[in-house]
Amino acid sequence: MVDINLSFLLRLIADGLLIGFIYALMAMGLTLIFSVLRVVSFAHGEHYMIGGYAAYYLLEAFTGLHPLLAILLAGTVTFTIGAIFERIFLRPLAEEKVERPGEYAILVTFGLGFFLQYLTLALIGPHPKKTARYFDLPAFELGPITATAATLKLGTIPLSATRLTAAVIAVLLMFVMLYVIHRTWLGRGLRAVSQDKQAAAVVGINPLRMSTLAFGMGTMLAGMSGAALVPAFAWVPAVGAPAAVKSYVIIVLGGMGSIPGAMLGGLIIGVVEALGTGLLPDPNRAFAYRDAYGMLIFALVLLLRPRGLFGRQE
Amino acid sequence: MKHVDWRWVLTGSALALAVSAPFLLSGYPYWLHVAIVAYFYAILASSWSLLAGHAGQFSFAHMAFMAIGAYGSGLMGKYWGTSPLTGIVLSTVLAGLVGLIIGVLCLRLKGAYLALFTIAFSEVLRLTLNAELDITGGPNGLDLPPLLATTSRVPYYYLMLTLLLVSLGFMYWLAGSRFGLFFRSIREDEEAAAAMGVHIVRYKVLAFVITAMIAGLAGGVEAHYIGLITPNILILGQMSIVIAMAVIGGIESLLGAAIGAILIQFSLELLRELGNWRLVAFGLLLMLTLRFARNGLIYPLIERLVLYQARRAVIEGREQKAKQAGEGA
């Protein structure tokens with residue numbers, strides 16, 4: 001038991017933490033959708049997948065396009081898809097014209113995910129795509145910290161530049177989102193609708209428009225998460241499912257509707273996955289089970305504390 | 001004048017068609033195979049519609065129960081040397097037991113949380129089946145011995161058809177009895193049902209156990225027919241197909257879901273050249289059905305037929321009465 005390689009473990013944890021930021025960003029999108037529409041989108045992974053493909057094809061089509069611009073444009077693409085979907089399929093929910101709304105929301109977003117997944121498969125095919133690294137690190141050496149174009153080394157722990165970039169972008173976007181939600185009129189409108197729809201309507205906020213915006217912004221965050229991670233993974237149409245499951249785990253850990261909870265949840269899931277993979281003696285099996293750890297925590301949290309670690313009592 | 005009761009005409013001709021299909025398709029063994037698989041999906045879709053459409057429990061673990069039936073029987077045969085028949089019976093019970101556990105665990109969960117929990121359960125099962133190579137054969141799957149000592153598909157066809165008809169009959173009896181009423185009362189309003197004296201815990205768990213057993217039984221038979229089961233049957237895409245079949249057929253109608261499943265399975269096979277585009281169309285149809293025809297596409301037709309017959313019966317009764325009154329005077 002003692003021969004667990006410590007530096008290997010630290011490396012996994014570092015990787016997990018970095019990816020955790022992206023999952024937290026995705027989960028923030030889910031949270032935003034849930035708090036305004038009271039809907040859990042089961043198509044979140046597909047928006048993430050489409051965001052990744054959008055960034056890939058934009059960068060292919062326009063050489064010299066700045067990666068950050070590509071990420072923003074990819075976000076615009078998924079925003080549009082999300083907003084149109086909301087307008088057509090979720091509008092009756094916002095208008096409260098649907099019988100058994102919970103059931104309808106699960107099935108219709110699930111249907112969207114199914115549709116988008118096979119549409120991508122039919123259009124693009126199952127072969128993986130991968131983009132070049134977005135940014136090279138400047139090479140330097142500072143005591144134990146050394147950097148080359150592709151990796152940053154903290155002592156013996158290497159951090160890959162692609163993941164580091166993605167994490168930095170995720171953190172930046174989370175701060176932008178927090179600013180939008182807490183400091184702008186748009187954010188105030190969204191929060192008002194999430195707290196009390198009728199009262200919001202009374203003071204002149206259009207809840208229908210806010211629903212469309214919230215769904216669009218939520219899918220935009222998923223799309224930008226995918227766009228930020230496209231250089232790190234081989235992108236296939238099924239890439240969304242594990243990422244989506246992780247963002248569900250995060251919102252359940254953090255409690256639906258809690259944004260700091262989502263951020264912390266992202267980090268927890270990253271670390272737990274790393275530890276789970278590092279601690280199982282048989283490496284092949286450990287790798288195969290990697291996606292299961294998050295799910296197990298998820299099931300436990302759901303069973304023991306259904307409103308999440310940070311959720312409010314409804 | 002005596003009118004024809006179209007319900008019986010249609011049911012009778014559908015049954016006659018189903019029973020004579022092996023003779024009609026004797027030159028096309030592949031299509032007989034498609035029919036067997038279609039019946040298998042019809043069992044899954046209709047039992048899922050009992051759980052989701054009637055009892056309101058939106059479980060995504062239905063394929064997992066099916067896989068427990070299949071893998072259970074295969075593994076028992078491999079390690080304990082049980083015969084396929086014993087294996088299927090035991091693994092059906094096993095699926096029921098797992099259904100019991102999942103049902104109990106899900107008592108506190110509602111709506112999206114229930115969906116997420118059952119997705120997690122199904123995924124963990126899939127990952128485990130994939131990872132434990134030495135026991136389950138991993139991604140390559142597990143070979144199963146044939147259930148029947150024959151190379152012909154015809155006996156399997158009748159077996160699967162019988163299974164479909166018996167399970168449909170059983171579920172119709174259940175849905176029409178007090179159980180069905182309690183299931184639907186839980187779906188509509190759990191608190192109100194409890195206040196009226198419905199034993200929520202018992203009926204919720206019962207819904208899980210019964211549908212899990214039906215799915216497990218179908219899975220065991222199907223796996224012994226095909227001769228191979230792989231963890232891929234558990235991917236979410238497969239579950240989505242079952243859900244889409246039930247929704248397009250009519251989620252609240254057991255027969256609608258079964259017919260939807262059979263029609264969709266056949267059209268997927270007929271449109272094979274279209275590749276993934278048929279699933280794209282299918283996903284779009286799923287969304288549009290939900291949005292614009294909440295009761296599905298098949299169920300309203302059944303409803304209309306039943307209503308038409310009922311109206312006929314009322315009119316006939318009135319005419320009869322008027323005639324008698326006329327004779328009396």
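From first to last, the protein sequence lines are chains A and B. First residue of the first sequence: 1, per the working numbering; consecutive thereafter. First residue of the second sequence: 1, per the working numbering; consecutive thereafter. All residues carry an ideal CB built from backbone N, CA and C; glycine is no exception.
Closer than 8 Å to chain A by CB, residue i
i, result
"residue 104/B", "no"
"residue 236/B", "yes"
"residue 291/B", "yes"
"residue 123/B", "yes"
"residue 113/B", "yes"
"residue 277/B", "yes"
"residue 287/B", "yes"
"residue 49/B", "no"
"residue 205/B", "no"
"residue 44/B", "no"
"residue 240/B", "yes"
"residue 182/B", "no"
Inter-residue CB distance, residue i and residue j (contact presumed, cutoff 8 Å)
i, j, result
"residue 144/B", "residue 74/B", "5 Å"
"residue 230/A", "residue 52/A", "4 Å"
"residue 248/B", "residue 237/B", "Incorrect: roughly 16 Å between the Cβ atoms, too far for contact."
"residue 14/A", "residue 128/A", "Actually they are not in contact, since the Cβ atoms of residue 14/A and residue 128/A sit about 25 Å apart, beyond 8 Å."
"residue 59/B", "residue 70/B", "Contact flag wrong, Cβ pair sits at about 18 Å."
"residue 92/B", "residue 217/B", "4 Å"
"residue 47/A", "residue 81/A", "7 Å"
"residue 256/B", "residue 229/B", "Not confirmed; about 28 Å, so no contact."
"residue 193/A", "residue 186/A", "Their Cβ separation, rounded to whole angstroms, is 11 Å, which puts residue 193/A and residue 186/A out of contact at 8 Å."
Any C-beta of chain B under 8 Å from that of residue i
i, result
"residue 37/A", "no"
"residue 305/A", "no"
"residue 266/A", "no"
"residue 313/A", "A caution first: residue 313/A carries a pLDDT of 48, below 50, which makes its placement in the model too unreliable to give a value."
"residue 263/A", "no"
"residue 83/A", "no"
"residue 103/A", "yes"
"residue 122/A", "yes"
"residue 295/A", "yes"
"residue 271/A", "no"
"residue 53/A", "no"
"residue 93/A", "no"
"residue 239/A", "no"
"residue 302/A", "yes"
"residue 292/A", "yes"
"residue 118/A", "yes"
Reduced DSSP category for residue i - H, G, I as helix; E, B as strand; rest coil
i, result
"residue 97/A", "coil"
"residue 190/A", "helix"
"residue 160/A", "strand"
"residue 146/B", "coil"
"residue 147/A", "strand"
"residue 228/B", "strand"
"residue 114/A", "helix"
"residue 11/B", "helix"
"residue 141/A", "strand"
"residue 153/A", "strand"
"residue 130/A", "coil"
"residue 276/A", "helix"
Selected residue, minimal CA-CA separation from residue i, among the options
i, options, result
"residue 65/B", "44/B, 85/B, 54/B", "44/B"
"residue 7/B", "318/B, 324/B, 304/B", "304/B"
"residue 11/A", "284/A, 291/A, 273/A", "273/A"
"residue 303/A", "284/B, 52/B, 149/B, 116/B", "116/B"
"residue 170/A", "180/A, 184/A, 74/A, 224/A", "224/A"
"residue 130/A", "104/A, 298/A, 237/A", "237/A"
"residue 69/A", "55/A, 192/A, 289/A", "55/A"
"residue 170/B", "194/B, 84/B, 211/B, 198/B", "211/B"
"residue 301/A", "33/B, 93/B, 105/B, 81/B", "105/B"
"residue 240/A", "217/A, 39/A, 114/A", "114/A"
"residue 201/B", "68/B, 322/B, 81/B, 107/B", "107/B"
"residue 42/B", "167/B, 192/B, 323/B, 232/B", "167/B"
"residue 206/B", "80/B, 35/B, 55/B", "55/B"
"residue 269/A", "160/A, 246/A, 289/A", "246/A"
"residue 159/A", "137/A, 287/A, 28/A", "137/A"
"residue 165/B", "34/B, 87/B, 15/B, 300/B", "15/B"
"residue 31/A", "216/A, 294/A, 299/A, 296/A", "216/A"
"residue 49/A", "265/A, 288/A, 150/A, 227/A", "227/A"
Inset, instruction - With a floor of 4 residues, list each alpha helix (DSSP H) that falls wholly inside the segment 35-88 of chain B, ordered by position along the chain. - result: 62-80
Inset, instruction - Entirely within the segment 21-99 of chain A and at least 4 residues each: give me those alpha helix (DSSP H) ranges in chain order. - result: Given a length threshold of 4 residues, each whole run of the alpha helix (DSSP H) inside the segment 21-99 of chain A is given here in chain order: 44-61, 67-85, 91-94.
Legend entry - In chain order, each alpha helix (DSSP H) run of at least 4 residues that lies wholly inside the segment 186-271 of chain A: 197-202, 207-229, 240-254
Legend entry - Inside the segment 78-138 of chain B only - alpha helix (DSSP H) runs reaching at least 4 residues: 84-105, 111-131, 133-136
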